[in-house]
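Residue numbers (my numbering): 7 to 572. We put the CB at the ideal spot given by N, CA and C, even for glycine. For reference, the structure discussed in these notes is given below.
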Amino acid sequence: MKKRQFVGAILTILFLMYLGLGIITFQQGRALHNSAQKISNNRTLMGTAAFTDYYKEFAYALHEFSSSVGNPLLAPVFFLLGSPGTFTHSRTIATSADQIAQDLLGAVESAQPRSSGQPGINLDLLAQSAPSLTNSQQEIYSLLHNLQNLHLHGILLPFDSRLDSIRKSAHSALIVSKKLLPLLPAAHSLLGSDSPRTYFVAFQNPAEARGTGGIIGAYALLNINKGHITVARVGSNAELVSQETLPIDMPEDFLSLYGVDPAIWQNSNMSPHFPNAAKIWLALWEIQSGEKLDGVITLDPFVLKQYLQVSGPLTVGNQVITSKNLISETLSREYIRYANDNNARKLFLVTLLKTTLERLTSQPLPPSDFLALVEKPLRESRIYLYSAHPTEQSAIHQSTISGSMDSSRDNTYRLVINNLAGNKMEYYLARKISVKSIQCGKKPITQVDYILENTVSATAKLPPYVNGRLDLLKNNGYGNSTKIEAFLYGPVGSKITGALNMTTRKAVSLKASENKHPVLISILELKPKASIHIRAQFTGGVGPLAHITQPLVRPAVLSITDKCAR
């Protein structure tokens, strides 16, 4: 009897202890939620002392909650609920979150609100925050990775769907963090802390494909001085003066692939290696204007679409442009509306870019909207950055925002389309890409298939500016056909062992190299409502299979099957 009473007493104590821990954890979780809600509800106060206090409160709440979740005494509770994996995962998250909370506290404690009241980037806050955030990069990646993969199991499984928004936000934040955190060491100078900066903004049109995305359709100059951003100039590509020869020396492999065509502004970005295009554009601008710029930024209509999604519609002339109609208006309907007035069409594009940039630089977005703005364009490689200053470019090169072709050994493939017809038919181009391992071991073989389809019909009435065939001197088009050059890049150190046009059953034998990457070249005539299938095999890739997708109009359908991954 006494033994039962003793055991009962122990179980009662344990129950009360776990109940207490559970209540404390719940209360701290609620406090964390409330502090996060304050930040969300008071975004208009960003840059004030009150907003800084909200961040302090959030950091303390994160620290307290992570300490509770990581408490090893909770392990038996998770085990009894049939969810020991959830505890392990939660404890890992708690450890990372606690470290980041400490870093956040240190950064926020020393932060001073911006005194000028002007929109811009607070360089004092950036300088104070950058070191701790830079040192915490791996912890941040670890935390976000764990959060995006956090699932409830056992008896908690019915509540798992409630974590969907957390997983989605963590996934977005992880993408943005990996793109932007490597830039922190150079961010201060990039934003004009020491001297004013001027950047060339290339607005690309993916309806006419180029290596980095699309032909340059318009441009802007952005001035940045001590974090304050202003739009200095916006113009159309008609203002850009091309040269007959390349303005700078380029590598032999570049010259053998592209010749002197990149001396023309609209062809400077035929290579997918963005620093090549940026250097040529900066040199061309210096010849034209005598002005030495500090770097290049790329945007395209999809970036503007994402901005309007978070900031609301714009009025351009007498047209209301929204996130829903921006792509069709800029890449399709404008060619119909201004079929007989190309200057008016270019003015529309310039006005759209100018209006968007002026709103963006005068009305900065709160942090939550900033994440919604940049995540998708960064993920789709629609924003690239290049600095003419070597130290800064070295930091940028650590991120894929550099648009650089990596020279290290890996197993990454890339399909790149360049328009050869001088038209805008990539608006109708569909792509299916398959990358799969067909042999593992010491001599692994990877097979890459791609299918390109011209989705428009022969009877569709398209404006000459859209379907013209300048390569055939047929300005009014040739039955809605088009001509493209497809470059399939393999990994550094790999070899193309065979290639076949599966549509014609003929071998594809044209090969080259760029930046140590082997390149399979196919020059293809795409008839309306027709497709072409190319298959190639590579050997020599190292590591997990991957593919870098060119940012065009229609999203590519990509499948990767890696049976050699471990």
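| Query | Result |
| --- | --- |
| Can you give me the Cβ contacts of Thr555 inside the same chain, cut-off strictly under 7 Å, excluding the 5 residues immediately before and after it? | Ala562, Leu564 |
| Should the stretch 442-458 be regarded as contacting the stretch 392-409, the criterion being three or more beta carbon pairs within less than 8 Å? | no |
| Tell me, please, which residues DSSP counts as bridged to Ala215. | Gly220 |
| Could you check the C-alpha separation between Arg173 and Pro383 for me, to the nearest Å? | 19 Å |
| If you drop the 5 nearest sequence neighbours on each side, which residues of the same chain put their C-beta closer than 6 Å to that of Arg560? | Ala436 |
| By the three-class DSSP mapping on this structure, what secondary structure does Glu520 have? | strand |
| For Ser515 and Ile529, what's the separation of their Cα atoms in angstroms? | 11 Å |
| Tell me the start and end of each unbroken alpha helix (DSSP H) in the stretch 466-539 that is at least 4 residues and wholly inside, in chain order. | 470-473 |
| Mind checking which residues open and close the alpha helix (DSSP H) that includes Arg420? | No alpha helix (DSSP H) contains Arg420, which is instead part of the beta strand (DSSP E) from 418-425. |
| Within a Cβ cutoff of 6 Å, which residues of the same chain sit near Gly499, ignoring the five residues on either side of it in sequence? | Arg415, Gly546 |
| Could you tell me how far apart the beta carbons of Phe260 and Leu227 are, in whole angstroms, since I believe they sit closer than 8 Å? | With a Cβ gap of about 27 Å, Phe260 and Leu227 do not count as contacting. |
| Which value, in whole angstroms, describes the spacing of the CA atoms of Tyr419 and Leu494? | 7 Å |
| Less than 9 Å between the C-beta atoms of Tyr484 and Asn460, yes or no? | no |
| Are Lys5 and Asn473 touching if we call contact CB-CB under 9 Å? | The first residue shown for the chain is 7 and the last is 572, placing residue 5 beyond what the model contains. |
| What separation, rounded to the nearest whole angstrom, lies between the Cα atoms of Thr251 and Arg216? | 19 Å |
| At 3 residues or longer, what runs of the beta strand (DSSP E) sit wholly inside the stretch 323-385? | 325-327 |
| Go ahead and pull the three-state DSSP assignment for Ala571. | coil |
| Using a Cβ-Cβ cutoff of less than 7 Å, which residues in the same chain neighbour Tyr264 once the five nearest sequence positions on both sides are dropped? | Met276, Ser277 |
| Quick one: Cα of Glu381 to Cα of Thr567, how far? | 25 Å |
| Distance, Cα to Cα, Phe354 vs Thr361? | 11 Å |
| Helix, strand or coil: how does DSSP classify Ser317 here? | helix |
| Indicate whether Asn231 and Arg203 have their beta-carbon atoms separated by less than 9 Å. | yes |
| Please state whether DSSP places Ile230 in a helix, a strand or coil. | strand |
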